[in-house]
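A.B. asks: Just passing along the structure, written as structure tokens.
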Amino acid sequence: MGLFSRHGGAKVVVSPTNVAPRQTVTATVTTDKAIDEVRSARLDWGYSNFYQYHWAGRVDSVAAQGNDTIWTMDQVGTNYGGDRDTDDWVSVIAEDIPIAASEFTGVSSTFKIPSWAPASSPSIARWECRLTVDRGGRDIDTNGEFTVVIGTADVEAYVEPLEVVSGAAETVIDIALSSPVHRAGETITGQVTLTPTMDLPDGDLAVSWQRDRESHPLTRAPGPGTELDGPIVTLGKRIPLRAGVPVVLPFEIPLPADAAPTAAAVHSSINWFVQARMMYAGFTGHMLERVRRPIVVVNAP
Amino acid sequence: MTAVQPPYPGEPLPPERGLTRDERGRDISEAQAEAEAERSKWKQFLHMMSPKLVWSMAEGYPVVLKQFIQFCLILIYPAWVFAVLVGGLFQLLFYVTVYPLLWLLFWPVRAYQKKNNPEEYAANRAKYKKNPKG
Chain A
1 MGLFSRHGGA KVVVSPTNVA PRQTVTATVT TDKAIDEVRS ARLDWGYSNF
51 YQYHWAGRVD SVAAQGNDTI WTMDQVGTNY GGDRDTDDWV SVIAEDIPIA
101 ASEFTGVSST FKIPSWAPAS SPSIARWECR LTVDRGGRDI DTNGEFTVVI
151 GTADVEAYVE PLEVVSGAAE TVIDIALSSP VHRAGETITG QVTLTPTMDL
201 PDGDLAVSWQ RDRESHPLTR APGPGTELDG PIVTLGKRIP LRAGVPVVLP
251 FEIPLPADAA PTAAAVHSSI NWFVQARMMY AGFTGHMLER VRRPIVVVNA
301 P
Chain B
302 MTAVQPPYPG EPLPPERGLT RDERGRDISE AQAEAEAERS KWKQFLHMMS
352 PKLVWSMAEG YPVVLKQFIQ FCLILIYPAW VFAVLVGGLF QLLFYVTVYP
402 LLWLLFWPVR AYQKKNNPEE YAANRAKYKK NPKG
């Protein structure tokens, strides 16, 4: 117990530490000795939500636009270094603990994880049970952590429509997946179907996973969000593209074992995609084609 | 996304989420919105030099910092006006010297497009045609 520590001899233990939505966890608060002069005490179940925000100033001010030109990149404007990482507490259920004779000796409480709970991951949420004791002496503020894992049964699985990200759709690219839900560490299997609408130069096709983390804070100005592309899996360097002749190419993409599951929290969310990009050979003026299909990533069976 | 489901009976409702940068739209000051709403290039150019617009770049900063930035913006205001004027001058110079050269240089390309892709040519012309006022 350090000089500025607010644990004050109280300890919160949550069991089990690994839970899925709609399961129940129990928090047991124990104290070394009875805590006196207590005015009120409360237990707060919820999560710390991690997100990115723009700390001050207008995002699209005139000077900030100067940031976007190549020769003054990140050098002018009053927004330099303006996007920061932070976390905010999102309370799901808070309960007051009845206090008798101004003394607190411990309590236990149960909590049913809601079905919409975002999974625990370093980029979205850390689930906690927080104990706050308001008293005559030093207040007590301590917590017990637990991990929420999302399994295949906890998500509604349906195939979502394909998104065309860029390109002129001269070749219709379709991504078919063996399943819309995948577990972290698993291999995504599926196939890409190319249907050229006209005779085109040879194609260079590659697929990869994509992780999209969005920040959407309630009050602060949101950060830009981050897109992370996985290592690309090349499916073919010179694929002949003839009008109306479909080409089918199967693929396998390994997902990282520590992949943060798909989650939607109050201030941020994580979405996963399988994307395919195709380039045409030569300098013929055909644009790069890019499509992606949303998938759901879970981290429990 | 798929991870969000309707709440089960007896559990708390999911808390409301906020908006992303794209959903919120452009984050600009009033003075800048006014300048951007201006259709005429000349008036837009004049707006770029207005002290109100330069001053508004300190908006959204915490107290003390905001006043300090406003102070700095006042200090650099002459330089700002100078930079905008020089920029305008260069643009003018470009339209007088380089632009006619490029126009002449690409004459054959335009003539070819007009003859072989008349629809595309017309669409492109319409895209760059000056919008009538209002």
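Read top to bottom, the protein sequences are chains A and B. For the first sequence, position 37 (counting from the first letter as 1) is numbered 37 according to this note's numbering, and the numbering increases by one without interruption. Each number in this note's numbering corresponds to the 1-based position in the second sequence with 301 added. Don't be surprised by glycine CBs; every beta carbon is placed ideally from N, CA and C. These numbers were taken from a predicted model, which means no experiment stands behind them.
At 3 residues or longer, what runs of the beta strand (DSSP E) sit wholly inside the region 139-182 of chain A?
C.D. replies: The region 139-182 of chain A contains these whole beta strand (DSSP E) runs: 140-148, 163-166, 171-177.
A.B. asks: According to a CB-to-CB cut-off of less than 8 Å, which residues of the region 313-324 of chain B neighbour chain A?
C.D. replies: P313, P315, P316, E317, R318, G319, L320, T321, R322, E324
A.B. asks: Using CA coordinates, which residue listed in A:D60, A:A265, A:A276, A:A281 is at the minimum distance from P316 of chain B?
C.D. replies: Here residue 316 of chain B is taken as the residue at index 15 of the second sequence, counted from 1. Closest option to P316 of chain B, Cα to Cα, is A:A265.
A.B. asks: Does DSSP put P250 of chain A in a helix, a strand or coil?
C.D. replies: As a working note, residue 250 of chain A is residue 250 in the first sequence. Three-state result, P250 of chain A: strand.
A.B. asks: Suppose you measure from the CA of S380 of chain A to the CA of K353 of chain B; what does that come to, to the nearest Å?
C.D. replies: Only positions 1 to 301 of chain A appear in this structure, which leaves residue 380 of chain A out of reach.
A.B. asks: Quick one: Cα of L376 of chain B to Cα of Y429 of chain B, how far?
C.D. replies: Translated into positions along the second sequence, residue 376 of chain B becomes position 75. Translated into positions along the second sequence, residue 429 of chain B becomes position 128. If I take the Cα positions, the gap works out to 39 Å.
A.B. asks: Give the single residue among A:V165, A:E156, A:V14 whose Cα lies nearest to the Cα of T24 of chain A.
C.D. replies: Within the first sequence, the letter at position 24 stands for residue 24 of chain A. The residue with the shortest Cα to Cα distance from T24 of chain A is A:V14.
A.B. asks: For the ligand GDP, is there a heavy atom less than 7 Å away from the beta-carbon of D83 of chain A?
C.D. replies: By its list of ligands, the structure shown contains no ligand whatsoever, and the ligand GDP lies outside what it can speak to.
A.B. asks: Decide if E95 of chain A is buried, meaning its Cβ has at least 16 other Cβ atoms within 10 Å, or exposed.
C.D. replies: Counting from one through the first sequence, the residue named residue 95 of chain A turns up at place 95. That one is exposed.
A.B. asks: Kindly list, in the order they appear in chain B, the residues whose Cβ is closer than 7 Å to that of D60 of chain A.
C.D. replies: Here residue 60 of chain A corresponds to residue number 60 of the first sequence, with the count starting at 1. R327, D328, I329, listed in chain order.
A.B. asks: Classify A304 of chain B as buried or exposed, calling it buried when 16 or more other Cβ atoms lie within 10 Å of its own Cβ.
C.D. replies: The residue labelled residue 304 of chain B in the question sits at position 3 within the second sequence. With a pLDDT of 45 at A304 of chain B, under the threshold of 50, the modelled position of that residue is not reliable, and the figure given next carries that caveat. The residue in question, A304 of chain B, is buried, as its Cβ has 16 or more Cβ neighbours within 10 Å.
A.B. asks: Which same chain residues end up closer than 8 Å to G225 of chain A when comparing Cβ atoms and leaving out the 5 residues on each side of it in sequence?
C.D. replies: Here the question's residue 225 of chain A lines up with position 225 in the first sequence. Around G225 of chain A: Q52, D212, R213, E214, S215.
A.B. asks: The alpha helix (DSSP H) spanning F369 of chain B covers which residue range?
C.D. replies: In the second sequence, the residue the question calls residue 369 of chain B occupies position 68. It spans 366-397 - the alpha helix (DSSP H) in which F369 of chain B sits, taken as one unbroken run.
A.B. asks: Give me the residue from A:A64, A:E289, A:N299, A:A300 with the minimum Cα distance to P196 of chain A.
C.D. replies: The count along the first sequence starts at 1 and reaches residue 196 of chain A at position 196. Of the candidates A:A64, A:E289, A:N299, A:A300, the one whose C-alpha sits nearest the C-alpha of P196 of chain A is A:E289.
A.B. asks: Strictly below 9 Å CB to CB, what residues from chain A border Q333 of chain B?
C.D. replies: As a working note, residue 333 of chain B is residue 32 in the second sequence. In chain order: R58, D60, S61, V62.
A.B. asks: Per DSSP, I93 of chain A forms a beta bridge with which residues?
C.D. replies: Along the first sequence, one-based indexing puts residue 93 of chain A at 93. DSSP lists A:W45 as partners of I93 of chain A.
A.B. asks: On a CA-only basis, which of A:D204, A:E186, A:S166 is nearest V192 of chain A? Give me that one, please.
C.D. replies: In the first sequence, the residue the question calls residue 192 of chain A occupies position 192. Measuring from the Cα of V192 of chain A, the nearest candidate turns out to be A:D204.
A.B. asks: Could you name the residues that DSSP lists as bridge partners for L403 of chain B?
C.D. replies: In the second sequence, the residue the question calls residue 403 of chain B occupies position 102. For L403 of chain B, which the question treats as bridged, DSSP gives no partner whatsoever.
A.B. asks: Alpha carbon to alpha carbon, how far is R220 of chain A from W55 of chain A?
C.D. replies: Taking the first residue of the first sequence as position 1, residue 220 of chain A is located at position 220. Taking the first residue of the first sequence as position 1, residue 55 of chain A is located at position 55. Their Cα atoms are separated by approximately 8 Å.
A.B. asks: Just reading off the alpha helix (DSSP H) that P419 of chain B is part of, what are its end residues?
C.D. replies: Reading the second sequence from its first residue, position 118 is the one you call residue 419 of chain B. Per DSSP, P419 of chain B belongs to the alpha helix (DSSP H) from 419-429.
A.B. asks: Which of the three DSSP states is assigned to S351 of chain B in this structure?
C.D. replies: Locating residue 351 of chain B in the second sequence gives position 50, where the first residue counts as 1. It is coil, neither helix nor strand.
A.B. asks: Nearest to V245 of chain A by alpha carbon, out of A:L200, A:A41, A:R138?
C.D. replies: Indexing the first sequence from 1 puts residue 245 of chain A at position 245. The shortest Cα separation from V245 of chain A among A:L200, A:A41, A:R138 belongs to A:L200.
A.B. asks: Go ahead and label F111 of chain A buried or exposed: buried means 16 or more other beta carbons lie within 10 angstroms of its beta carbon, across all protein chains shown.
C.D. replies: Working through the first sequence from its first residue, we reach residue 111 of chain A at position 111. Looking at its Cβ environment, which holds 16 or more other Cβ atoms inside 10 Å, F111 of chain A is buried.
A.B. asks: Considering only the alpha carbon of each residue, which of A:V181, A:P222, A:V133 lies closest to F104 of chain A?
C.D. replies: For the purposes of this step, residue 104 of chain A is taken as the residue at position 104 of the first sequence. Nearest option by C-alpha distance: A:V133.
A.B. asks: Could you round the C-beta distance between R242 of chain A and D202 of chain A to whole angstroms and report it? I think they count as a contact, below 8 Å.
C.D. replies: Here residue 242 of chain A is taken as the residue at index 242 of the first sequence, counted from 1. Here residue 202 of chain A is taken as the residue at index 202 of the first sequence, counted from 1. About 11 Å separates the beta carbons of R242 of chain A and D202 of chain A, which is beyond the 8 Å limit, so they are not a contact pair.
A.B. asks: Any idea what DSSP makes of P313 of chain B, helix, strand or coil?
C.D. replies: Indexing the second sequence from 1 puts residue 313 of chain B at position 12. The answer is coil: DSSP assigns P313 of chain B none of H, G, I, E or B.
A.B. asks: Who are the near neighbours of D85 of chain A in its chain, counting only those whose CB is closer than 6 Å to its CB and skipping five residues on each side?
C.D. replies: For this step, residue 85 of chain A is matched to residue 85 along the first sequence. Hits under 6 Å: Q52.
A.B. asks: Which word fits R437 of chain B, buried or exposed, when buried means at least 16 other C-beta atoms lie within 10 angstroms of its C-beta?
C.D. replies: With chain B running from 302 to 435 in the structure shown, residue 437 of chain B is simply not present.
A.B. asks: Exposed or buried, what is Y47 of chain A when buried is set at 16 or more other beta-carbons lying within 10 Å of its beta-carbon?
C.D. replies: If you number the first sequence from 1, residue 47 of chain A lands on position 47. Burial call: buried.
A.B. asks: Give the list of continuous alpha helix (DSSP H) stretches no shorter than 4 residues that lie fully inside the region 99-139 of chain A.
C.D. replies: none
A.B. asks: Mind pulling the chain A residues with CB within less than 7 Å of P363 of chain B?
C.D. replies: Here the question's residue 363 of chain B lines up with position 62 in the second sequence. Within chain A, the residues near P363 of chain B are A56.
A.B. asks: Considering only the alpha carbon of each residue, which of B:L393, B:V355, B:V365, B:G361 lies closest to P379 of chain B?
C.D. replies: Sequence index remark: in the second sequence, residue 379 of chain B carries index 78 (1-based). Closest option to P379 of chain B, Cα to Cα, is B:V355.
A.B. asks: Let me check one thing: in DSSP terms, what residues is R277 of chain A bridge-paired to?
C.D. replies: The sequence position of residue 277 of chain A within the first sequence is 277, counting from 1. BP columns for R277 of chain A point to A:A206, A:R290.
A.B. asks: Per DSSP, which one or two residues make a beta bridge with Y51 of chain A?
C.D. replies: Here residue 51 of chain A refers to the residue found at position 51 of the first sequence. Its beta-bridge partners are A:T86.
A.B. asks: Any beta-carbon of chain A closer than 8 Å to the one on M302 of chain B?
C.D. replies: Your numbering for residue 302 of chain B matches position 1 in the second sequence. With a pLDDT of 43 at M302 of chain B, under the threshold of 50, the predicted position of this residue should be treated as unreliable, and no value is reported.
A.B. asks: In or out: Y309 of chain B buried (at least 16 other Cβ within 10 Å) or exposed?
C.D. replies: Here residue 309 of chain B refers to the residue found at position 8 of the second sequence. Per the 10 Å Cβ criterion, exposed.
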